[in-house]
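This report concerns only the one structure given below.
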Amino acid sequence: MPRSTYQRLLGFVGKLAVLLILGFLVLPVAVVTIAAFNDRAILSFPPQAWSLRWFAKAIAYQDFRDGFRNGLVVTVWASTIALMVGAMFAYALDRYRFRFKKGIEGILLSPLVIPHFTVGLGFLILAAQVGWTRGYAVVVFCHVVLVLPFVIRSVYVSLRNLDQSYELAAASLGAPPSRVLLTVTLPLLLPGLVSGWLFAAILSFNEFTASLFVTAQRTQTLPVAMYNYVREYADPSMAALSVMYIVGTAVLIVFANAFLGLGKVLNIEQSR
Amino acid sequence: MNNLADSRNGTASSGDDIAVRFDAVTKRFGDATALREVSLSVRSGEFMTLLGPSGCGKTTLLNLAAGFFSPDGGEIRIDGARVNDVPTYRREIGMMFQNYALFPHMSVAENIAYGLKVRHIAKKERDRRVEEVLALVRLAGMAGRKPRQLSGGQQQRVALARALVISPKVLLLDEPFSALDKNLRASMQVELREIQRKLKVTTIFVTHDQGEALSLSDRVAVMSDGRIRQLGTPEEIYRRPCDRFVASFVGDANVLRGRLDGFDGAHSTVAVGTARVKVPEAPLRGVALSTPVDLFVRPEQLKIAEICAPSAFGGRVAAQVYQGGHVDLYIECAQSASDRLLVRSAGQDAMTRWPVGAEVGMIIGIDDAVAFPVP
Chain U
1 MPRSTYQRLL
11 GFVGKLAVLL
21 ILGFLVLPVA
31 VVTIAAFNDR
41 AILSFPPQAW
51 SLRWFAKAIA
61 YQDFRDGFRN
71 GLVVTVWAST
81 IALMVGAMFA
91 YALDRYRFRF
101 KKGIEGILLS
111 PLVIPHFTVG
121 LGFLILAAQV
131 GWTRGYAVVV
141 FCHVVLVLPF
151 VIRSVYVSLR
161 NLDQSYELAA
171 ASLGAPPSRV
181 LLTVTLPLLL
191 PGLVSGWLFA
201 AILSFNEFTA
211 SLFVTAQRTQ
221 TLPVAMYNYV
231 REYADPSMAA
241 LSVMYIVGTA
251 VLIVFANAFL
261 GLGKVLNIEQ
271 SR
Chain H
273 MNNLADSRNG
283 TASSGDDIAV
293 RFDAVTKRFG
303 DATALREVSL
313 SVRSGEFMTL
323 LGPSGCGKTT
333 LLNLAAGFFS
343 PDGGEIRIDG
353 ARVNDVPTYR
363 REIGMMFQNY
373 ALFPHMSVAE
383 NIAYGLKVRH
393 IAKKERDRRV
403 EEVLALVRLA
413 GMAGRKPRQL
423 SGGQQQRVAL
433 ARALVISPKV
443 LLLDEPFSAL
453 DKNLRASMQV
463 ELREIQRKLK
473 VTTIFVTHDQ
483 GEALSLSDRV
493 AVMSDGRIRQ
503 LGTPEEIYRR
513 PCDRFVASFV
523 GDANVLRGRL
533 DGFDGAHSTV
543 AVGTARVKVP
553 EAPLRGVALS
563 TPVDLFVRPE
573 QLKIAEICAP
583 SAFGGRVAAQ
593 VYQGGHVDLY
603 IECAQSASDR
613 LLVRSAGQDA
623 MTRWPVGAEV
633 GMIIGIDDAV
643 AFPVP
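The listed protein sequences correspond, in order, to chains U and H.
Mapping the first sequence onto the working numbering, position 130 (from 1) lands on 130, and the numbers just tick up by one.
Mapping the second sequence onto the working numbering, position 254 (from 1) lands on 526, and the numbers just tick up by one.
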């Protein structure tokens, strides 16, 4: 059937809209990437001459190096603790009925709706009370709270998708509950656990607002270091750092995809 | 299929010791009662089928035997020992699930070896037994595959092997054939029955497919609404249904309107039009003469005769359906309680002898039908 002019127009407008939206999504990344290779010392666009020197500078800059290392320490601790705590909560929420279940669920997921600066400020005040403001502990705890909802959701969805007949089958074959958990439940949940950890890690590594409150000079994470840098300087090393950020995250996702399948990592795919 | 059917009586009578006994078992889920004081004894080595429509409680009964939950009343015994409070993993059962539930992260061999490993059986012995059972289910050489690399039939065999390798006291099968296509289903059924007979393992099989139940079982328990309606050999269930539910649920049945005409020792006589049909007396015991009754008769028990034959009732051929080995005749008949009657005539004679439009008579042999009072 031939398509009417109206339909063709509609199709064209639709495609244009999609292209525009995709363009807007990619635009900042493109601008930052191009700016990173600019030879000039100011963040100008488009660049006149090309160079890699801002990458060298960003890598060599001591505050960034410390920030990167601090960020890694905080991220690994925070997402690992969040994974363990979150997985236990998710398991309890999925498998057991208990009093105040709804309330506990609400509290666990509340960081999704509470502004990060509120959480950061709260932790800062608490840390000041007990004299922890200089250490990693407060940063890690703060990040655990912030990423916990994502971990819980990720593990919870995996648990929901897990067909219970696997566990029943293992039990029928003579495996006591602890053995079922270790040899069947956990291996089958692995994609969900890894994806939960990965999300937590990416969120934690990029977290800025709350980190600004709870980090000290000695414990500042990379986003905080970048913020402090950009307050004083405006050269393209920031852009270079951003490009490294993007590449690093992309590599991580590709890696996760290769080993687990992106569908599983993002929990899009149903298990059956 | 025939030799399977012939041997079933022999298997049933071999040893009268009870492997699994349900004694007045009741199970409730919230307000709904899934089982009402069900009692059933499964003999050692017997192939017992729980047959019924969905929601009849058959799966609940199986799950109680497996110990996935415990009964609200009554007692369950396996090999004489009360197991009400014994968790699943100490019951020594083998279970096959509807979706097979093969562990996707383990190979075929690892799946099968799982139950042996849990029992701390040494690796050498484990490997030997895995190999042995793989040969039994004709999957030798597949040990290294992952479940997702197997076809549905192969997955089913792995599931069976996994359940059998631990030498369970009882094998529990939860609608294992429902995911297979028709041809594969038939051959898997034969295979399952052969293996079951070879190992003499007590088996409880849950299905809603009456054909499956009739062809596989030593005995069938027909269930509905949380109760066992009839317990008997496939032949008893098919030829002597004890109530209307069993008669209409198991097999095809024509229903004819009639009247109770008389008693004659072991038989009752039912009047269908001018014809008199002799049926088993038991379901009509205590019913007054001339009471309206429904006569249930199988399509192959309804025989076409000349219209003038004595004790025949009349009808007109409305349609013929050629089925290869037999012909299905659809017959309009005044005495039919529902729609047209279905007559299954072996061979292909019927195509020419009784063309569409022909007036025919139908006769029913002694005990070839069963009657129940109209409710």
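We put the beta carbon where it would ideally sit given N, CA and C, even for glycine.
#1: Cβ of Gly324 of chain H versus every heavy atom of the ligand NAD: is any distance shorter than 6 Å?
#2: Would you mind stating whether Ala36 of chain U and Ala239 of chain U have Cβ atoms separated by less than 7 Å?
#3: Starting from the C-beta of Ala291 of chain H, find all residues in its chain whose C-beta is less than 8 Å away, skip the five residues before and the five after it, and write them out in chain order.
#4: Over what stretch of residues does the beta strand (DSSP E) that includes Ser352 of chain H continue unbroken?
#5: Under 8 Å by Cβ, that's how I've got Ser496 of chain H and Cys605 of chain H pegged, so tell me the actual separation to the nearest angstrom.
#6: With distance defined between alpha-carbon atoms, name the residue in H:Gln461, H:Leu574, H:Asp303 nearest to Ser649 of chain H.
#7: Please report how far the alpha carbon of Arg570 of chain H lies from the alpha carbon of Ala306 of chain H, in whole angstroms.
#8: At 4 residues or longer, and completely inside the stretch 446-529 of chain H: list those alpha helix (DSSP H) runs for me, N to C.
#9: Strictly under 7 Å for the Cβ-Cβ distance: is Pro176 of chain U near chain H by that measure?
#10: Among the candidates U:Phe89, U:Asp66, U:Lys102, U:Pro176, whose CA atom is the shortest distance from the CA of Lys389 of chain H?
#11: To the nearest angstrom, how far is the alpha carbon of Val494 of chain H from that of Val462 of chain H?
#12: Pick helix, strand or coil for Tyr227 of chain U, following the three-state DSSP scheme.
#13: Please list, in chain order, all residues of the same chain as Ala338 of chain H whose beta carbon is under 8 Å from its beta carbon, the five residues on each side excluded.
#14: For the beta strand (DSSP E) containing Gly633 of chain H, list its first residue and its last residue.
#15: Please list the partners that Ala340 of chain H has in chain U, where partner means a Cβ-to-Cβ separation under 9 Å.
#16: For Ala127 of chain U, which option in U:Trp197, U:Val214, U:Tyr227, U:Val155 has the closest C-alpha, if you only look at C-alpha atoms?
#17: Relative to chain U, which residues along the stretch 385-408 of chain H have a C-beta separation below 8 Å, given in chain order?
#18: Starting from Thr541 of chain H, trace the beta strand (DSSP E) in both directions and tell me its first and last residue.
#19: Express the C-alpha separation of Asn455 of chain H and Glu466 of chain H in angstroms, rounding to a whole number.
#20: Give me, in chain order, the residues of the same chain whose beta-carbon lies closer than 6 Å to that of Ala381 of chain H; leave out the 5 immediate sequence neighbours on both sides.
#21: Please name the residues in the stretch 19-50 of chain U whose beta-carbon is closer than 7 Å to at least one beta-carbon of chain H, in chain order.
#22: Taking 7 Å as the CB-CB cut-off, is Pro223 of chain U touching chain H?
#23: Which word fits Pro115 of chain U, buried or exposed, when buried means at least 16 other C-beta atoms lie within 10 angstroms of its C-beta?
#24: Taking Cβ to Cβ, would you say Leu333 of chain H is nearer than 7 Å to Leu322 of chain H?
#25: Taking 7 Å as the cut-off, decide whether the C-beta atoms of Leu109 of chain U and Pro149 of chain U are in contact.
#26: Across the stretch 618-638 of chain H and the stretch 590-603 of chain H, are there enough close Cβ pairs to call them in contact, namely three or more that are closer than 8 Å?
#27: What's the call for Gln421 of chain H, buried or exposed, on a 16-neighbour Cβ count within 10 Å?
#28: So who's on the other strand from Gly650 of chain H, going by DSSP bridges?
#29: So which of H:Asp453, H:Val358, H:Asn356, H:Ala643 has the shortest CA-CA distance to Leu567 of chain H?
#30: At least one CB of chain U closer than 7 Å to the CB of Tyr594 of chain H: is that the case?
#31: For Asp278 of chain H, which three-state DSSP category applies?
#32: Beta-carbon within less than 6 Å of Met320 of chain H's beta-carbon, same chain only, minus the 5 sequence neighbours each way: which residues are those?
#33: Tell me the residue span of the alpha helix (DSSP H) that contains Lys330 of chain H.
#34: Should Pro187 of chain U be flagged as near chain H, meaning a C-beta pair shorter than 7 Å?
#35: If we count the other Cβ atoms within 10 Å of its Cβ and call it buried at 16 or more, is Asp536 of chain H buried or exposed?
#36: According to the neighbour-count rule (16 or more other Cβ atoms, all chains shown, within 10 Å of its Cβ), is Cys580 of chain H buried or exposed?
If we stick to the structure as given:
#1: Judged by which ligands are present, the structure shown has none, so any question about the ligand NAD falls away.
#2: yes
#3: Val314, Arg315, Ser316, Gly317, Glu318, Ile350, Asp351, Lys441, Val442, Thr474
#4: It is worth fixing the name first, because residue 352 of chain H is Gly in this sequence and not Ser. Judged by DSSP secondary structure, Gly352 of chain H falls outside any beta strand (DSSP E); it is assigned neither H nor E.
#5: That belief does not hold up - the Cβ atoms of Ser496 of chain H and Cys605 of chain H are roughly 29 Å apart, past 8 Å.
#6: Any property of residue 649 of chain H remains undetermined from this structure, which presents chain H solely from 273 to 647.
#7: 31 Å
#8: 454-471, 482-488, 506-511, 516-521
#9: yes
#10: U:Pro176
#11: 22 Å
#12: helix
#13: Thr360, Arg363, Ile365, Met367, Leu444
#14: 631-636
#15: First, the residue type needs correcting, since residue 340 of chain H is Phe and not Ala in the sequence shown. In chain order: Leu168, Ala171, Ser172.
#16: U:Val214
#17: Tyr386, Gly387, Val390, Arg391
#18: That run of the beta strand (DSSP E) goes 539-544.
#19: 17 Å
#20: The residues are Val402, Ala415.
#21: none
#22: No, because no Cβ of chain H sits closer than 7 Å to the Cβ of Pro223 of chain U.
#23: exposed
#24: yes
#25: yes
#26: A contact exists between the stretch 618-638 of chain H and the stretch 590-603 of chain H.
#27: With fewer than 16 Cβ atoms within 10 Å of its Cβ, Gln421 of chain H is classed as exposed.
#28: This structure gives no information on residue 650 of chain H, because the portion of chain H shown stretches from 273 to 647.
#29: H:Ala643
#30: Cβ-Cβ to chain U under 7 Å: no for Tyr594 of chain H.
#31: Because Asp278 of chain H carries a pLDDT of 36, less than 50, the predicted location of this residue cannot be relied on, and no value is offered for it.
#32: Hits under 6 Å: Val314, Ile476, Arg491.
#33: 330-338
#34: yes
#35: exposed
#36: exposed
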